[in-house]
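Colleague: As you go down the protein sequences, you meet chains A and B in turn.
The first sequence begins at 1 in the working numbering and counts up by one.
The second sequence begins at 1001 in the working numbering and counts up by one.
Ideal placement from N, C-alpha and C gives every residue a C-beta, glycine not left out.
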Amino acid sequence: MKRVMIFFSLLAGLLMAATPLNAATPTVEELWNIIQKQQAEIEALKSQQQATEQKAVAADEKAEAAVEAMEDTAAVSGNWTDKTHIGGYGELHYNNIDADDSSRDVKDMDLHRFVMFFGHEFNDRIRLFSELEVEHGGVEADGSPLDGEVEVEQAYLEFDLKENLQARGGVFLLPVGILNETHEPATFYGVERNDVESIIIPSTWWEGGAGLSGHYASGFSWDLAVHSGLKMPTSGDNAWRVRSGRQKISNANAEDLAYTGRVKYTGIPGLELAASLQYQSDASQVGSDGIDDGLLFETHAVYQNGPFALRALYAEWNFDGSGVEAAGADEQKGWYLEPSFKPRKDLGLYARYEDIEGARDQDQFDQWEVGLNYWPHEAVVLKADYRNRDHDLSSASGRNFDAFDLGIGYHF
Amino acid sequence: MRNLLTLLLLLVLGTSASARGVYQTQDDFLAEVFAGAPPQAAVVWLRGEVKATAAAILGHDYPALRIRYWGKGKRTAWILEEIGKEKPITVGLVVDDNTLRSIRVLEFRESRGWEVRHGFFTDQFSGARLTGGQELDRSIDGISGATLSVRALEKLARLALYLHSQTPFAHDPP
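Spelled out as structure tokens, the structure:
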């Protein structure tokens, strides 16, 4: 019996040894192989991960290099564009003038100005500014009806002497008045520029010569210039007319030079106060012809406070000479006031009153004007205004008018 | 004529005189903003809505794929460029806690509008924040005859405030 029990015990042991559980239990050698295999797989995964990371880093580096290359390319091309600049402005006017003398009625549309700026920076200290203007659509050629002019209004080199001191030489705009140096259409009210800065200050007024400018952190600045002078006519319909004296640097007579100085204060945002003085050593460039030297005094204020703004300007000429005195044109002067209001960023309303005593009968008048500017873009403007002009002299009363003007302008 | 010759002589002398244009280097600006220890530069990529918003603020695309900035705490510093009338104006701007702390013209190359680089003009921007419409929360009084330079600085102020809002430094500093 004891032998039978031993037999069954051995049989049970053998059966247990033959069960699947005992079959899955690896031996030490099998475990070692499994571990080796798993380790190899881990190494392979690690290697793959490293390769992926390296690829990602390489991709990042390539992307960085590509961006840097693009930025470098942009910088290189930017250098060129930094050095040479093109800009311009233009304005189209529609004038509907209803004069007391109906023969002087006007309804016309005029591409008043088409202007291109070209500038070039030779180095950090020397740069060129130039402005080429076509007025009234172009100049007559081959019998075409064009009634305008092609003019180089600026072509000067500017030199930095110090951080706050510059010199310039060439053809430049004179530092007089509000509009003469800054007259892009979107920067001022009115389809037509104000008349004081046309008849008394003959804007746009450019001369050839040399000048110095300085400015200070306090907001003060000054300008001095020596330049070609006026060559005012002494006879004919335009006798003693300042605007007719501009030589426009076209073989300009430089027998008698002129000198201009300006001081300006812009130390409070929104405020500009300025005064200019100009001396013409002979306003006709010819001695003993009835006009000798002349002195221009101009002063203006510009103030902007929030939506409100005000421009005010006064200018006066005094000429010496028997002829100009006999004609009563030795003193020519004018002033204007222009309050404005911007209820919206893109809309401005203005009113202007000006009083002018120029040389010719038609240049002596006062004028009321109201209108609006609409800026669909900060550099694009649509304008509309109404003007009422009343001449001082009865001989010019037929020229009194009411006018309605429309304009469109841009700069870039 | 003697005066004319004197001025012409000054022109000639000018060619050997000091240069205008660079008022503070970018390194000096950053050193000043971060007390001598500027952090590593980071970038904001101009893509998607960020690119569109930057273009809407400037009125044109910003001429780069990304814009570098320097950030620490809730403060970021930006060096941005925008053309005034003809030439780019380089401006350093500091935004702190979504508020414009300072704006400084580092390089100015325009013939007019020099006023915009002085404190009497730039102080107006101090404390400015953006409204929901990406506008400044205040009116900036301009400089007569320098309208375009003034606009350029206003745009860069808005752009810096917007870009700051796109960085981690606008909320919880990393």
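Taking the beta strand (DSSP E) that PHE438(A) belongs to, which residues open and close that run?
Modeller: The structure shown does not extend to residue 438(A), since chain A spans only 1 to 412, so no value can be given for it.
Colleague: Run down chain A in chain order and give the residues with a C-beta less than 7 Å from the C-beta of ARG1151(B).
Modeller: Within 7 Å Cβ-Cβ: GLU378.
Colleague: Quick check: what's the CA-CA separation for GLY245(A) versus LYS231(A)?
Modeller: Near 4 Å, if we compare the C-alpha coordinates of LYS231(A) and GLY245(A).
Colleague: Quick check: is the beta carbon of PRO185(A) nearer than 9 Å to any beta carbon in chain D?
Modeller: In the displayed structure, chain D is absent; the protein chains listed are A and B.
Colleague: With a threshold of 8 Å on Cβ separation, who are the neighbours of VAL139(A) within its own chain once the five nearest residues in sequence on each side are excluded?
Modeller: Taken in chain order, the residues that qualify are LEU146, GLY148, GLU149, VAL150.
Colleague: For the region 277-303 of chain A, which residues have a CB atom closer than 8 Å to at least one CB atom of chain B, in sequence order?
Modeller: Within the region 277-303 of chain A, the qualifying residues are VAL302.
Colleague: Please state if the CB of PRO1039(B) and the CB of ALA979(B) are separated by a distance shorter than 9 Å.
Modeller: Chain B is shown only over 1001 to 1174; residue 979(B) falls outside these bounds and no answer can be derived.
Colleague: In whole angstroms, what separates the C-alpha of LEU310(A) from that of SER1144(B)?
Modeller: Looking at the two C-alpha atoms, the distance is approximately 11 Å.
Colleague: Quick one, which residues of the region 260-273 of chain A are near chain B if we go by CB-CB under 7 Å, in chain order?
Modeller: Those residues of the region 260-273 of chain A that come within reach of chain B (Cβ to Cβ, closer than 7 Å) are THR266, GLY267, ILE268, PRO269, GLY270, GLU272.
Colleague: Note down the Cα distance separating TYR353(A) from ASN95(A), rounded to an integer number of angstroms.
Modeller: Cα to Cα, the separation comes out at about 19 Å.
Colleague: List the endpoints of the continuous alpha helix (DSSP H) containing TYR1162(B).
Modeller: 1147-1165 is the extent of the alpha helix (DSSP H) around TYR1162(B).
Colleague: What separation, rounded to the nearest whole angstrom, lies between the Cα atoms of ASN164(A) and LEU212(A)?
Modeller: So the two alpha carbons sit approximately 11 Å from each other.
Colleague: Which residue or residues does DSSP assign as beta-bridge partners of ILE1175(B)?
Modeller: There is simply no residue 1175(B) to check, as chain B begins at 1001 and stops at 1174 in what is shown.
Colleague: Within the region 191-276 of chain A, note down every full beta strand (DSSP E) run reaching 3 residues or more, in order along the chain.
Modeller: You should have 206-215, 220-227, 258-265.
Colleague: Taking DSSP's pairing of strands, which residues face SER1102(B) in a bridge?
Modeller: DSSP output for SER1102(B) lists VAL1094(B) as bridge partner(s).
Colleague: Give the residues from the region 1130-1157 of chain B that approach chain A closer than 7 Å (Cβ to any Cβ), ordered along the chain.
Modeller: For the region 1130-1157 of chain B, which is checked against every Cβ of chain A, the residues closer than 7 Å are SER1139, ASP1141, GLY1142, ILE1143, SER1144, GLY1145, THR1147, ARG1151.
Colleague: Between the region 164-183 of chain A and chain B, which residues of the former have a C-beta closer than 9 Å to a C-beta of the latter?
Modeller: Going along the region 164-183 of chain A in chain order, one finds ASN164, LEU165, GLN166, ALA167, ARG168, GLY169, ILE178, GLU181, THR182 with a Cβ nearer than 9 Å to chain B.
Colleague: Relative to the C-alpha of GLN1024(B), which candidate in LEU1136(B), LEU1159(B), GLU1115(B), ILE1079(B) has its C-alpha closest?
Modeller: Nearest C-alpha to GLN1024(B): ILE1079(B).
Colleague: Pull up the distance between the alpha-carbon of HIS120(A) and that of PRO175(A), whole angstroms please.
Modeller: Computed Cα separation, rounded: 22 Å.
Colleague: Can you give the Cα-Cα distance for ASN238(A) and ALA254(A), rounded to whole angstroms?
Modeller: Distance between the alpha carbons of ASN238(A) and ALA254(A) is about 21 Å.
Colleague: Kindly indicate which three-state DSSP category ASP1123(B) falls into: helix, strand or coil?
Modeller: Reduced to three states, the DSSP call for ASP1123(B) is helix.
Colleague: I need the straight-line Cα distance from ARG389(A) to LEU273(A), nearest angstrom please.
Modeller: Each residue's alpha carbon lies about 28 Å from the other.
Colleague: Using 8 Å for Cβ pairs, my map puts LEU372(A) next to GLY348(A). What's the rounded Cβ distance?
Modeller: With 8 Å as the limit, LEU372(A) and GLY348(A) qualify as a contact, their Cβ atoms being about 6 Å apart.
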